[in-house]
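Take 212 as the starting number for the sequence shown in my numbering and just add one per residue.
Glycine is no exception: its CB is placed at the ideal position from the N, C-alpha and C atoms.
Keep in mind it's a predicted model, so treat the numbers as computed, not measured.
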Amino acid sequence: SHFGRKSTSRQLFLQLPRGAMSSHSTDGQKPSVNERTGKDTLAIPAAKVSKPRIDCIDGCRAALVLPIVIGHFIKFGTNNVLLLKLLTQENVLVGGFFIISGYVSGYTSTLIGERRADEKKLAQPELFFWQRVMGYYPLHVLVSTCFSPMFIMIDRWVKNPWSTTRLHAFLNYTLLQAWFPSEAEMWNPPTWFLSALTFANGLMPTIVLPRVASLSKAGLGKLLTALTAISLLQKLSYSQAWQFYCRGGFVTKPTSPLLWNVTRFHPFGALVEITMGVAAVRDVMLDDAEEKKKPVTNPLWLFLASYASLALRITKFNLNDAMIRSTLFVPLYIRFLRAMHRDCLTEKPSLITRFFGSGPLVRLGSLAFPIFVIHGPLGQLFYKKQVATRLWGRVMPKPFFPIYLMLVVLSGYLLEVGFLKNKAVQRLSARLAQFLATQTDGMLQDERALSGS
């Protein structure tokens, strides 16, 4: 889901004076707990307000997906060692997508100014889960099926048995590939992200969102610290088994690729980062009147700092992707999102907030998902040796790389307009989500919830 894709940046900022994120109305005066002191206080009824739209979050997706697409195939576009070092860190940037996924889920499914989730949104956990899955699964099926002849032929050309091909198809269509490190990059490798995301979505409505929403600001801070430590511990384990420093992914290949795949692909790691995103947005949503009066940090510096962490690759502190992601990029990116969120609620948002909330950036951000799904198969058509040599007689030369990027963006646009926004596809997806929710009713709920006790 997106933060109000239809509204323009200017409309958003005109509608949002400082302190727009006030609490929802309450029925009478009920005792509550002060977020800072923990003491019981008397809640003052507040006028119910609509939840502000945060368009600038959509724009951030564009700044993540483009370098990821470039990073996957840049070795076919340049021989410049400096550029290759800087641009082959897609495993760092993908952490930003998981943080945004949690940020969006937390914002849309919990209440502003209150320590609880939106009960209406989470009343049917199975429907919540299937609606999320049906937001991306139809496009995954379409692209997988259209390119399946190529995927199957690649298995034939590398002499994989048919049993392996069937396993690849099964894992691909069931979105289970992230659980299998030896197969996580089969067929359309970037879709391991959807596999890990699906696992996290299953835990959102009953375990993650209600629990995180119930925390105070102090609790959220502790949770973020703990999750950061857990994520870092996993990366330290990997680095100790391999090496802490890296000359660049295009040169230094992991000596234990399966261990690397577990480190970067495992659904539990993704769940940690998604939950961090939920905790981050809840911290902003619980801002009180005094906090809303405080000056807001210019998000530009945090944005630059988070992306500047990639420059470590060209210094003597060239940590591997896993370490850069957990120690620097993700913590800085979380601070950037929170600063930009608060900034967009002020009367005069900063330039970078207006930039990411502008129409072109929001539009490009809306293409991030189809671009992410399609860029892998298109790249294989032009750059995978077994395919390209049979289709074009050679792997495409370096001057073709900008054309490849244009084809990716164009394909993403066509998939967005012609498929994702197609009313028939949307109706079918909604019906499938409702049907699957009915068939799996109770599977994400406790027995007591099922019995109504």
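Ignore the nearest five residues each way along the sequence and tell me which others in residue i's own chain have a CB closer than 7 Å to its CB.
| i | result |
| --- | --- |
| Val483 | Leu438, Ile441 and Ser442 |
| Ala273 | Leu572, Leu575, Gly576 and Ala579 |
| Thr436 | none |
| Glu337 | Ala648, Thr651, Asp652, Met654 and Leu655 |
| Gly623 | Leu578, Pro581, Ile582 and Ile585 |
| Ala407 | Ala389, Phe476, Pro478 and Ala481 |
| Thr564 | Cys267, Pro510, Met551, Asp554 and Cys555 |
| Phe630 | Leu350, Leu353 and Val636 |
| Ser561 | Asn509, Pro510, Leu511 and Asp554 |
Return the CA-CA distance between residue i and residue j, expressed in angstroms with no decimal places.
| i | j | result |
| --- | --- | --- |
| Leu543 | Ala491 | 12 Å |
| Val696 | Ala516 | Any question about residue 696 goes unanswered here, given that the chain covers just 212 to 664. |
| Ile582 | Val619 | 6 Å |
| Thr299 | Leu277 | 12 Å |
| Thr488 | Asp266 | In the sequence on display, residue 488 carries Gly and not Thr. Those two C-alpha atoms are separated by around 17 Å. |
| Val423 | Ile363 | 43 Å |
| Ala644 | Thr402 | 20 Å |
| Ile614 | Ala500 | 51 Å |
| Lys559 | Val507 | 11 Å |
| Leu639 | Glu396 | 29 Å |
| Tyr347 | Ser427 | 32 Å |
| Tyr350 | Lys505 | According to the sequence provided, residue 350 is Leu. The question's Tyr does not apply to it. The alpha-carbon atoms of Leu350 and Lys505 are separated by roughly 43 Å. |
| Asp657 | Ile418 | 11 Å |
| Phe287 | Thr526 | 24 Å |
| Thr289 | Ala328 | 49 Å |
| Arg642 | Trp341 | 10 Å |
| Leu420 | Leu539 | 25 Å |
| Ile365 | Met345 | 28 Å |
| Thr173 | Asn302 | Not covered by the structure: residue 173. The range shown for the chain is 212 to 664. |
| Val628 | Ala429 | 43 Å |
| Val547 | Tyr518 | At residue 547 the sequence reads Phe, which differs from the Val that was named. The straight-line gap from Cα to Cα measures roughly 11 Å. |
| Tyr449 | Asn472 | 10 Å |
| Trp368 | Ala334 | 49 Å |
Need the endpoints of the alpha helix (DSSP H) that residue i sits in, please.
| i | result |
| --- | --- |
| Trp471 | Pro468 to Phe476 |
| Val352 | Tyr348 to Cys357 |
| Arg343 | Pro336 to Val344 |
| Thr409 | Trp403 to Leu414 |
| Leu626 | Phe612 to Leu626 |
| Pro506 | Careful: Pro506 lies outside any alpha helix (DSSP H) and carries neither H nor E. |
| Ile265 | No alpha helix (DSSP H) holds Ile265; DSSP gives it neither H nor E. |
| Leu543 | Val541 to Cys555 |
| Leu523 | Taken as a continuous stretch (DSSP letters only), Leu523 belongs to no alpha helix (DSSP H), as it is neither H nor E. |
| Arg574 | Gly570 to Ser577 |
| Ser442 | Lys428 to Ala452 |
Check each candidate in the options and name the one with the smallest Cα separation from residue i.
| i | options | result |
| --- | --- | --- |
| Leu497 | Gln300, Gly317 and Ile311 | Gly317 |
| Leu293 | Phe410, Leu521 and Met364 | Leu521 |
| Arg475 | Asp499, Ala500 and Gln445 | Gln445 |
| Cys400 | Thr321, Asn291, Val354 and Phe479 | The sequence shown places Pro at residue 400, not Cys. That would be Val354, whose Cα lies nearest to the Cα of Pro400. |
| Gly270 | Val598, Leu602, Gly568 and Gly653 | Gly568 |
| Arg326 | Arg493, Lys527 and Pro608 | Arg493 |
| Gly313 | Gly413, Arg524 and Pro263 | Gly413 |
| Phe612 | Tyr594, Leu626, Arg601 and Thr600 | Tyr594 |
| Leu304 | Gln335, Asp532, Tyr449 and Lys370 | Asp532 |
| Leu386 | Lys296, Phe404, Ile323 and Asn371 | Phe404 |
| Gln454 | Ile535, Ser425 and Tyr518 | Ile535 |
| Ile545 | Leu431, Leu420 and Pro610 | Leu431 |
| Asn383 | Asn371, Trp368, Val369 and Phe358 | Phe358 |
| Pro468 | Pro392, Met345 and Phe566 | Pro392 |
| Glu330 | Met361, Pro416, Leu295 and Phe308 | Pro416 |
| Arg343 | Thr356, Ile323 and Thr319 | Thr319 |
| Leu530 | Leu589, Thr600 and Gln451 | Gln451 |
| Gly324 | Glu502, Ala411 and Phe309 | Glu502 |
What is the DSSP secondary structure of residue i, counted as helix, strand or coil?
| i | result |
| --- | --- |
| Ala395 | coil |
| Leu530 | strand |
| Phe635 | Note that residue 635 corresponds to Ala in the displayed sequence, not to Phe. Helix. |
| Thr385 | helix |
| Thr321 | strand |
To which residues of the same chain is residue i closer than 8 Å at the C-beta, ignoring the five residues directly before and after it?
| i | result |
| --- | --- |
| Leu378 | Glu394 |
| Leu616 | Val280 and Ile281 |
| Ala550 | Val507, Thr508, Asn509, Pro510 and Leu513 |
| Gly587 | His283, Asn399, Pro400, Pro401 and Thr402 |
| Leu589 | Tyr615, Leu618, Val619 and Ser622 |
| Trp603 | Phe593 |
Spatial neighbours of residue i within its chain, please: CB distance less than 6 Å, with the 5 preceding and 5 following residues excluded, ordered by chain position.
| i | result |
| --- | --- |
| Arg247 | Note that Arg247 scores 44 on pLDDT, short of 50, meaning its location in the model is unreliable and no value can be drawn from it. |
| Gly249 | Low per-residue confidence applies at Gly249: pLDDT is 47, beneath 50, and the placement is therefore not dependable enough to give any value. |
Is any heavy atom in the ligand GDP found nearer than 8 Å to the beta carbon of residue i?
| i | result |
| --- | --- |
| Leu444 | Among the components modelled here there is no ligand, and therefore nothing to report on the ligand GDP. |
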